[in-house]
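Everything in the sequence shown is counted per the working numbering, starting at 2 for the first residue and increasing by one.
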Amino acid sequence: MELLVLSDYGSRENLKMKNPSESDILETMNSIDWNLFHQVCLSKNEYDWMEVGGNLKDDGLSATYGKNNERFVIDKAPTTINQLTEILLSYFNNDGKFNKKYKFTGENNSDSTYDAEKVYKQLFENERKASFEKNKTEKYGLMEIIELFIFAPYYFIRGSYKFKSFKHLKDENYIIKLKQKSIIYILSFLAWFLFINYQINNYKQKRFEEIEKIDISDWKKRHGYE
Numbered sequence: 002m003e004l005l006v007l008s009d010y011g012s013r014e015n016l017k018m019k020n021p022s023e024s025d026i027l028e029t030m031n032s033i034d035w036n037l038f039h040q041v042c043l044s045k046n047e048y049d050w051m052e053v054g055g056n057l058k059d060d061g062l063s064a065t066y067g068k069n070n071e072r073f074v075i076d077k078a079p080t081t082i083n084q085l086t087e088i089l090l091s092y093f094n095n096d097g098k099f100n101k102k103y104k105f106t107g108e109n110n111s112d113s114t115y116d117a118e119k120v121y122k123q124l125f126e127n128e129r130k131a132s133f134e135k136n137k138t139e140k141y142g143l144m145e146i147i148e149l150f151i152f153a154p155y156y157f158i159r160g161s162y163k164f165k166s167f168k169h170l171k172d173e174n175y176i177i178k179l180k181q182k183s184i185i186y187i188l189s190f191l192a193w194f195l196f197i198n199y200q201i202n203n204y205k206q207k208r209f210e211e212i213e214k215i216d217i218s219d220w221k222k223r224h225g226y227e
């Protein structure tokens, strides 16, 4: 489970915590200045989440439950932070009390000044952009380069769990890694071709030398060549 706190109508991430405890949730809710707009979300995954938010002034308070791509907005808006906390803890403990006591429907709340789905899409997009920017400068280390060089033909045919494919590198904006891997593979295939070609020619040369060394004078005498 993940705990997420947003402010400024979803534009700023204040807190992101993996596997929070009940005390973490209580402490978070009590530490927020609810005179300003905040959103607090508990999520099991992108299809199962509970969000409470708003402020005690202009916007009021609200709660939205997300399940299997459906949003269930609370029928009667909460009036206190204690109610928001109670809803979050009920969802956290998976006891279902929040739905029995407060009743959520699948209808959108037209009075809401924000859209949770849009907020999370925007947050995901921001994280993706940040990841793209970080990926752009990542490089393979020396040992990774050596391993790729040696096993490039095998990885090219069978794939690798350790190293991302060319498509993945391109899709995730690993610009430097993509260039590195392309050059390494070209050099590796060339090196393996030259090595195998050398081994074949060397084998042929040795076979020819062995044949040349064979004494066939007795065979020639028996068959009248001498």
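Every residue gets a Cβ at the ideal spot worked out from N, C-alpha and C, and that includes glycine. Keep in mind the model is a prediction, meaning the values are calculated, not measured.
Beta-carbon contacts of residue i that lie in its chain and below 7 Å, excluding the five residues immediately before and after
i, result
"Asp112", "Confidence at Asp112 is low in this model, with a pLDDT of 43, below 50, so the placement of that residue should be treated as unreliable; the coordinate-derived value is given next. Correct list: empty, nothing qualifies."
"Lys19", "Glu3"
"Ile185", "Ile146, Leu149, Phe150, Ala153"
"Asn15", "Val6, Leu7, Ser8"
"Ile187", "none"
"Lys45", "Met2"
"Trp193", "Pro154"
Proximity below 8 Å, CB of residue i to CB of residue j
i, j, result
"Leu90", "Ile26", "yes"
"Tyr156", "Phe164", "yes"
"Leu5", "Arg13", "no"
"Tyr174", "Lys207", "The sequence as given places Asn at residue 174; Tyr does not occur at that position. No."
"Phe38", "Gly55", "yes"
"Lys17", "Asn36", "no"
"Leu170", "Lys182", "yes"
"Met30", "Ile88", "no"
Close Cβ partners of residue i (< 6 Å) along its chain, the five nearest in sequence each way excluded
i, result
"Ile75", "Ala64, Tyr103, Phe105"
"Phe209", "none"
"Thr114", "Note on Thr114: pLDDT 44, under 50, position unreliable in the model; no value is reported."
"Phe196", "none"
"Ser24", "none"
"Ile33", "His39"
"Ser176", "Correcting the residue identity first, residue 176 is Ile in this sequence and not Ser. Answer for Ile176: Lys137, listed in chain order."
"Ile158", "none"
Close beta carbons around residue i, own chain, < 8 Å, minus the five adjacent residues each side
i, result
"Tyr92", "Leu43, Met51, Tyr66, Phe99"
"Lys135", "none"
"Gly160", "Ser166"
"Asn70", "Tyr48"
"Glu213", "none"
Inter-residue CB distance, residue i and residue j (contact presumed, cutoff 8 Å)
i, j, result
"Lys140", "Lys178", "7 Å"
"Asp49", "Lys68", "6 Å"
Discussion item. Could you tell me which whole alpha helix (DSSP H) segments of length 4 or greater appear in the stretch 163 to 198?
Written reply: The DSSP assignment places 167 to 172 as complete runs of the alpha helix (DSSP H) inside the stretch 163 to 198, in order along the chain (cut-off: 4 residues).
Fill in: 4 or more residues per run - each alpha helix (DSSP H) lying fully within the stretch 69 to 104
Here the runs fully enclosed are 82 to 94, 98 to 102.
Practice prompt. Counting only runs of 4+ residues fully inside the stretch 18 to 65, write out the alpha helix (DSSP H) ranges in chain order.
Written response: Whole alpha helix (DSSP H) segments, 4+ residues: 23 to 32.
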